[in-house]
Amino acid sequence: MNKRGQITIFVILGIVIVASLILLFTFRKDILPPTTEAGINAQMREAKNMITDCLEKESLEPINKIALQGGYLSPGVDTFRLWNDTQISYLCFNIENQDNCRNRLLTIRNMEEQLSKVIENNLPTCVDLSEIGGVNIEANKPFIVTTRILPLQVLVELEYPVTVKSKIGEASASEKKFSYIVDAPLGDLYNVAQDILDQETSVGIFDQLSYMLLKLGKYTVYVEKPYPDKIYRLKFREGSYMFQFGIQGEPS
Amino acid sequence: MKNKWILFNIVLFVLIFLAGSVFALNGCCEKTLNNEYCIETDDSNCAIESGFQFVPTTCESTSFCKLGCGYSSDRGRCFMNTPKAACEAEANCTFSETPSCDIPQCNKGCCILGDQAFYVTQVQCKKTTSLFPDVVMQFDETINTEIECIDKTKTLEEGCCVKDDNTCYFTTRGNCESVSNIVTSINATLEAKVGFFQNLLCSNDELNCDCAKQQKTGCVGEDLYWFDSCGNRENIYNSDRKTSYNEGLVLKEEESCIGGPYDPNCGNCNYPRGNVCGDDTEKVMPIGGQTCVSLGCKNVYEDETSPSSGGDKKNGESWCLYDSQVGLGRDLAGSRHYRSVCINGETQVEPCKDYREEICIQGELDEEVLRNMASFLLAGADYTEAACRDNRWQDCDACNTLTNLPDKPTAEDTTAGKKEPQALIDLKMQCCNNEDVRDCYWLESGITDAGGLCVPMIPPGLKHWGDLSPSEVAGSSTTTTTTTAADGTTSTVVTAPTTSASPSEQTCAKANTECEVAFVVGGWTKLGGAFKSRKERDDFLKRNSKVIKNEECISKEWVIAGNNFCKAQGDCGAYFNILGKGTGDGYVNTLVFETGFFDGSKYILTESDYANFRTLMQKPDNKKETKWDKMKNDPGFWTAVGGGLLSGILGAAGPAGTGKGNSWYEGFGKGLFGGLSAVMSLGKDCKPTADSTKGKTTVTKTTTATATTITSKSQFEAELMTQTGILHSLNLAEPGAYQKLTEIKAKSNKYYEQIALLNIPEGDKKALNDKVDELKKLIAAREQAFNKMDKDTDTFEDKKTSTTTTTQTSGDEKLTPTTAPTGIVPPPSTESTQTSGKEDEFVIDVSPQTSGTDDTSMEMDITANVIGIDSITGADVSSLLGITPAKPAATTTAKKPAATTPNTITSIQTIIKNPTSAVTGGQSNVCGKGFGGKSSTIYAGGSFGSLINLASWGAAIYTGVEYGQQKEMTQKYQIQCKPWQAPTGSTDCEKCNNPNKPCSEYRCKSLGQNCAIVNAGTANETCVPMDPNDVNSPIITPLPDQMLPHTIEEVTEESNKGFKINEQIKAFTPVTLAFELNEPGQCRYAFSPGLPYDSMSESFGSVLFEYVKVFSFSLPSILTEPADADTNLSTVKGSASGSGREFKLYLKCKDANGNVNANDRDYFIRFDTDPSPDLTPPIIKFTSLDNNAYIRYNETEITLKIYINEPSDCKWSRRDTGFDLMENEFNCEQKVLSQSIEYVETYECNTRMKNMTNRENNFYFKCKDLPGAPIDERNLNEESYKFTLIGTSEQLKITSITPTGTQFVPDFSMEVKTDGGSNNGVAKCAFSDKDLPYSEMIVFSETDTPTSIQPFTSLPEGKYNYFISCLDQGANEAKGVINFTVDIDTYPPEIEYLYVDSFLGTISISLDEDATCEYMDLPDFVFGEGTKFSGIDQKEQETNWDVSISKYHIKCKDKFENIGTYVVYPLP
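From first to last, the protein sequence lines stand for chains A and B.
If you count the first sequence from 1, you need to add 6 to reach our numbering.
If you count the second sequence from 1, you need to add 218 to reach our numbering.
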């Protein structure tokens, strides 16, 4: 074999080795599945991150939307006013010939249930644990989402038992609950909305200026009056998260 | 077969589809398909199939959605006014019947968490606390307000919390975990190294914290603080560090420095004072990046028409933005009120409710509440506060219909010229100006008997545009009404649905009014000869006729006054939009277009007659018009100056001419002086102006109240003192006293308004208003005294005569009201006018005067108003004097006018309603007297010998022909008030999109007929021009279906398109013409071809821009009147044809862009009339009172109007007898064109029914048509029209009013029982805490039965006194008063007896009052959440004994919501 032939062989061998290394790195999880607890935990963290990312992704939009639409994600017929491209729910309905109005009774629990339901429905399109290779993942139960609306945050909790098992050996890790916190003052702005509704349902008049001064300017309350309704828009003075709702008016 | 099956299915599908669309019902749905509860929607959206209920009514009226309080124990929140089903569907929601949530669970208190405090319910506090496990909950239910709660945080104990590991943090005691060791005084030992050190900063050297003081600054809450090196808050920042450090002790906020915004030395910010800690954008601070920043708003949006706008505003300040000067009916079409607020350095605009349903009112902080007008004009206040509130215009009209005077009016109450008693007018004005309950003002106007009307201060907006689509109209069907006449004959009327007026048109139509002008054509004129044409005849008559009644109706002022009244209804009449574009389509007055007698062209309203737009758009200031400003703009001033000069010249010539005088210059001087006196008197009582900007239209003479311009407080005080002095010194027994009194009263009625316009502080205004109140009281007292005198003295004549006298000085002579010696004997009063002869005559006694140098001359002071004669002019008097032999004394009789009320010249209204006095003697003597010197004195000439006799004969013949052959005619002039119309075109649409004043559909539509809001509901909602390239005129297409039963055929004649009605039209048969346009438009018609659109007088159908135009009419005049009849049918032209008469209506239509029929061609509608004789008797279509209506107790007379379908003679009787035997006649309208304005296509007849009894009163009416026709052509009702009025047999009485005495509950009902009256006690009752007229009281919630009930809820403790008034259908009124006291039980129930039965295992308690009890094994449970005892609202209670519970916490609540708490330790 001449020198040239030897060089050729070495080059081919080098290419084969490099290609093997690349293949090994790419399919390392399948070729070298985690067998230790640490390795399994790392896989579990990956699964957890994926689920949390999905929780974030699927929560933000409905949490913003429910505030912009007055506490309802899908307002029903005759229960909202289209304003500024948004279906703004009436939280108080007109009582004929009276200044005050009929409370629709929007509760925190109701909003929590709506949020939970929509996030629950949307999660399957996002969470795909099969992307995590090298381990056996047991996650066969349905998504159960619980949402808690706090004054300044919305806590989204997912009950979804996930078990990561090594394909070789006995190592496994499992998580039952995942959670994500959205910084949205939905609870606080809901309370402001209820303060306004207390006035609208009892006397039919609410002076936003007095309220803002009483709260030392913490909140900003805007009032719009597209005939014959009233629309309140609420936000923190320094924030951008907005809750808006309507009071149904009476045309003359 | 297959085809039939397909057809069947199609029909079935259509039917199902139609059924679905037609029968969809709206109502209250318990639960919708979308899982919503208690929503008002249509039944198709309701989950009826799932067993939920649907009732076609409002949710409040249903049992399943009745309103109450929803208490959610889940979060401790209470929801007021909540539907029952909504609450019950919610988990943990408890429903209670009290909508206001007055239940213990909903009581709020102060929840303190760490250094935060919230004003919430106890359960809410618990829930919030549960989120922070380390924090101890504090709930203080004794705190009743949120402010008190927030302040609570300021009193929290603060200090340094030192932990075991020597870490330190500054906090409240509650937040310090190491609370075992608490040091509350610096003098106490500090040996303890761990614990809470109250009032010590963590940087205090006494502590073992490694924290260095004052290292940096930062914001906490609203203030700027020092921070130590550990990041702990210290005291409020002060550049004087030593003072701020306070030796390491806490320095309270109130003890800290005082600063303001951007103060580099102090960080004590104050939110209520408008500054708060924030970023130091101004870089003022020597340390740190924060400072106290201002929250005020700099240089806010300024609007010329909003007095408070512009400049800098403080935080929390709010002010109004307007589109023009507002109030007094000046608000422009499309205008809106806005409130602007300054908050946190940002300006927000809050629009008040559109259509001016809300108005913006403003005031100044810490100042008196302003009245409406003063509020609108507020400017320059230190701190303005504004609010949008309801526009309370709805019941303005109620004040115009007040009739319930305390006593029946006496003759003295009725001032001359006003058909209504003065006391009633005062009552109406008082009602109108009562700003406590309504926003109205008294619009002085000559078009009413009251001299004015109560109209909205801010007229509401109307939907002044039409938008019916063709499909909407086409889908509606015609209505067929069949009426049966008294004689049994029937007639059918087919009416298209669109013929009924729109709500806007109905609103405007309230201002429709009419005036009948009577004029006389003298015999010589009448004999003037034959005329070639009607026009020639009319022109001749126009020049030679004389108006004898209501001449004011053919004046420009009447037209303007009518428009002012029309505008006051809202967006009606001729007016401007917010950009100053004026249109007059909303105002039609037939006078303008009458081509008969009077040339109305000069009375067409121009934009300057609507209002002075430039003034409206100016920023209102309080600069007053100077006297010179007023005078130079006053045409009367220049007239008087001219008159003065002329008088001077005449005066100079006078003495020479008569030979009486001195030198010529003396006469000139006297004349000139007299003229100047007249000038000076101008503006005091003779001011011919039409000040429409103030909502007033004056014609000739204003009251003296508006004459003096007062611009300062001192002037006003002097004015008030003067009037008070005059009142005190007024001798009521003297003649003229009453007039003086009424003058002062009239003046005083203006004072409030004048004060509001003064540019003086509000406090001063209040003081002036108080003084006016005092003056008014004095006026009332003097008036009362006067009335008493009047009653005591039957012969007291002052009231009767004083109103007929006017005393004024002209030059150096005094024109005094003359009495007998001067020759003319005036009728002193209506009762004593006649001295002899017939009622229609009066006597002029012309006696020779003994004074003067010439025996043959008579010198007389004549004051027409003293004469008290309406029809005699100055010229008449002169001519009479001229033909009267100089001596001896002669008695001449003259025709007395129809008016029987004494003449007076006290106000404009009088003159308007008594025009003859205004245009004849009255006017010349009041306003013309200034022409100085002796110009008002008439000199009778001397003896002219035999020429006199000749002249006398001539005059006698002339008079005989002129008066013997004279003819009296009348013509009605109507004002039709219609919705205001926006200008055509679309050039201004985009001006609506102003960010400072948000646009709306109403505002957009007012800028142009072609403006429209697009993208409604989206972020791009804007007002844009619609189709600006449209240059095509509307295309007219007839709608045959809507013209049934008539059929049509489309024809083209001389290139004009049109259609003809195939059938001949019978007399008095309603005809409906209808067509459709291809775009919204307005149409007009005329009877002549080729007229330009703007010259066409009549609107075809509605004036709104609509697709479908429908016009209904009947043809009374044309068919019944001969072609040459003297009927003033100037607007209707017809030509006789063989088979009847053919008529053509020529139409033109205009679209929103102003495009009128192509090539100006007319569209025509042709029809023929049926020449067959009218054989149908007249039909009584309506009556002003309902048949079988009730009338008041002891009412003996009543006026009744009936409305007939054709001009007729009508009679009535108490017996059912023949027409000729009927004793009483109706006064019937017989002019064919004078149809009633109350009911279209009818003719009004009226009569006064007398001798009514308190039982059933039956009347029988019969009519005969074709008045003036030969007897055999006339049709008579064979059967009488029976009409019944039911008298009230006994007065309405209030038999009982409950409750009385003391009430121990806050919730109970007031009950009023009535008996008697028109319908066995059925009456509507109302109540008030003041003795007000019924119309101003609050109507009971359940009434119109013999028992009226008004529930009270949550009535606080106290004494109550209510006035009750009940009114039945017969207008009988009963009054009563109720007094009661509310004393509420505040004591909880007490356990009197307790028994534990270990054998039966029960616990029994006995209470001192009825109550409901619960228990738990925990203290402080919320009532409602415990285990209930057996009894509800009982004294005796029992429950099973649970031996596992050692301590029973029992709560018992009585029916007054008082809760008692007890602890029971049951022992076996």
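Every residue, glycine too, gets a C-beta built ideally from N, C-alpha and C.
Within the segment 481-500 of chain B, Y489, P490 and V494 place their CB atoms closer than 9 angstroms to a CB of chain A, listed in sequence order.
Legend: CB atoms of the segment 95-123 of chain A lying less than 9 angstroms from CB atoms of chain B belong to residues C98, F99, N100, I101, E102, Q104, D105, N106, C107, R108, N109, R110, L111, L112, T113, I114, R115 and N116. Here F594 of chain B carries a helix assignment [DSSP, helix/strand/coil]. DSSP places R1379 of chain B in the coil class of the three-state scheme, outside both helix and strand.
In this chain, the beta strand (DSSP E) harbouring C538 of chain B covers S536 to L539. Residues of chain B whose Cβ lies closer than 7 angstroms to the Cβ of S258 of chain A are, in chain order, Y573 and E575. Apart from sequence neighbours up to five positions away, the residues of its chain that approach R243 of chain A with a beta-carbon distance below 8 angstroms are G223, K224, Y225 and T226, ordered along the chain. One finds L215, M218, L219, G223 and T226 in chain A with Cβ atoms closer than 8 angstroms to the Cβ of I561 of chain B, taken in chain order.
From the beta-carbon of S208 of chain A, the residues of chain B found nearer than 9 angstroms are M298, N299, P317, S318 and C319. At least 8 angstroms separates the CB of T58 of chain A from every CB of chain B.
Short of 7 angstroms from the beta carbon of K345 of chain B, and not among the five residues preceding or following it, lie these beta carbons of its own chain, in chain order: R293 and G294. Between the alpha carbons of L1484 of chain B and G679 of chain B lies a gap of roughly 45 angstroms. Contacts with chain A at 8 angstroms (Cβ-Cβ) do not include G800 of chain B. In the DSSP assignment, the residues bridged to I1416 of chain B are B:M1467. Taking C-beta atoms as the reference points, C1463 of chain B and N730 of chain B fail to come closer than 8 angstroms.
Contact check for G1505 of chain B and N1475 of chain B: beta-carbon distance about 6 angstroms, within the 8 angstroms limit, so the pair qualifies. Residue state for I174 of chain A is assigned as coil, using DSSP reduced to three classes. Counting along the chain, W776 of chain B sits inside the alpha helix (DSSP H) bounded by residues K774 to K785. Residue environment for G466 of chain B: buried (at least 16 other C-beta atoms within 10 angstroms of its C-beta).
Between the segment 1603-1622 of chain B and the segment 1534-1545 of chain B there are fewer than three C-beta pairs closer than 8 angstroms, too few to call the two in contact. Around the beta carbon of E1424 of chain B, 16 or more other beta carbons lie within 10 angstroms, which makes this residue buried.
Of all alpha-carbon atoms in B:N417, B:L349, B:E1632 and B:E1219, the one lying nearest the alpha-carbon of G377 of chain B is that of B:N417.
The beta carbons of P482 of chain B and M503 of chain B sit about 6 angstroms from each other, so the pair counts as a contact at 8 angstroms. Secondary structure note for I476 of chain B: it is in no alpha helix (DSSP H), with a DSSP letter that is neither H nor E. In this structure, the alpha-carbon of P1607 of chain B lies about 20 angstroms from that of D1635 of chain B.
According to the DSSP assignment, S268 of chain B belongs to no beta strand (DSSP E), since it is labelled neither H nor E. From the beta-carbon of R243 of chain A, the residues of chain B found nearer than 8 angstroms are N562. For the 8 angstroms CB-CB criterion, K1215 of chain B and Y793 of chain B do not form a contact. In summary, I174 of chain A is exposed, with fewer than 16 beta-carbon neighbours lying within 10 Å of its beta-carbon over all protein chains present. Between N618 of chain B and C672 of chain B, the C-beta gap is smaller than 8 angstroms, which places the two residues in contact. In terms of beta-carbon proximity, D292 of chain B lines the interface with chain A, with at least one pair separated by less than 8 angstroms.
Inclusion of Q508 of chain B and T461 of chain B in the CB contact set at 8 angstroms is not warranted, their separation being larger than that value.
The segment 1205-1281 of chain B contains, as complete beta strand (DSSP E) runs of 3+ residues, the segments 1229-1232, 1240-1243, 1254-1256, 1266-1271 and 1274-1279 (chain order). Excluding sequence positions up to five before and after M675 of chain B, its CB lies within less than 6 angstroms of the CB of G545, N590, D657, C658 and Y659, all in the same chain and listed in chain order.
Taking C-beta atoms as the reference points, A786 of chain B and L975 of chain B fail to come closer than 8 angstroms.
In terms of CA proximity to N456 of chain B, B:G485 leads the group B:E472, B:C448 and B:G485.
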